[in-house]
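Chemist: Take the sequence shown: its position 24, counting from 1, is numbered 24 in the UniProt record's numbering, and each next residue is one higher. Let me give you the structure first, and then I'll get to my questions.
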Amino acid sequence: MTLEQFTSDGGQVARRYEYDDATVLAVDFGTEAVDASADVADGTVIVIADDEQYEFDLPDGASDAHTFIKNGVLTIELEDDL
């Protein structure tokens, strides 16, 4: 599942920020998902929010990703050039 499919299916708002040395993806799950968790496995981001699980593939070329959720906003930091 691509980031675009993930956000249109679930109604989340997503943004992609490009920097010289990194790309940052941010997905807003809203304040109701404060207890959500995220993990990366084999190029797939897995998010558990409430009783639902969401999955989407990282962009091609992303080999080092860091994820965290704060105040219902999932942030994915990609250090490789995409």
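All C-beta atoms in this analysis are idealised placements derived from N, C-alpha and C, irrespective of residue type, glycine included.
Where does the unbroken beta strand (DSSP E) through Leu78 begin, and where does it stop?
Modeler: Numbered from 1 along the sequence shown, position 78 holds the residue referred to as residue 78. Segment Val73 to Leu78, the beta strand (DSSP E) holding Leu78.
Chemist: Run through the region 7 to 47 for me and flag every whole alpha helix (DSSP H) of 4 or more residues, listed as ranges in chain order.
Modeler: For the region 7 to 47, not a single whole alpha helix (DSSP H) run of length 4 or above is found.
Chemist: Pull up the distance between the alpha-carbon of Val27 and that of Ile76, whole angstroms please.
Modeler: Taking the sequence shown and counting its residues from 1, the one referred to as residue 27 is at position 27. Taking the sequence shown and counting its residues from 1, the one referred to as residue 76 is at position 76. Approximately 9 Å, taken between the alpha carbons.
Chemist: Using DSSP bridges, identify the partner residues of Asp57.
Modeler: Taking the sequence shown and counting its residues from 1, one reaches residue 57 at position 57. DSSP, once it has assigned bridges, lists Thr44 as partnering Asp57.
Chemist: Starting from Ala65, trace the beta strand (DSSP E) in both directions and tell me its first and last residue.
Modeler: By one-based count along the sequence shown, residue 65 stands at place 65. Its beta strand (DSSP E) spans residues Ala65 to Lys70.
Chemist: Quick one: Cα of Asp35 to Cα of Glu55, how far?
Modeler: Walking along the sequence shown from the start, residue 35 turns up at place 35. Walking along the sequence shown from the start, residue 55 turns up at place 55. If I take the Cα positions, the gap works out to 17 Å.
Chemist: Which residues in the same chain as Thr31 place their Cβ atom closer than 6 Å to its Cβ, once the five residues preceding and following it in sequence are excluded?
Modeler: Against the sequence shown, residue 31 aligns to sequence position 31. Counting only Cβ-Cβ distances below 6 Å, and skipping sequence neighbours, we find Gly72.
Chemist: Leaving aside the five residues before and after Leu58 along the sequence, list all residues of the same chain whose C-beta is less than 8 Å from its C-beta, in chain order.
Modeler: Mapped onto the sequence shown, residue 58 falls at position 58. Cβ neighbours of Leu58 beyond the five flanking positions: Val40, Gly43, Thr44, Val45, Ala65, Ile76 and Leu78.
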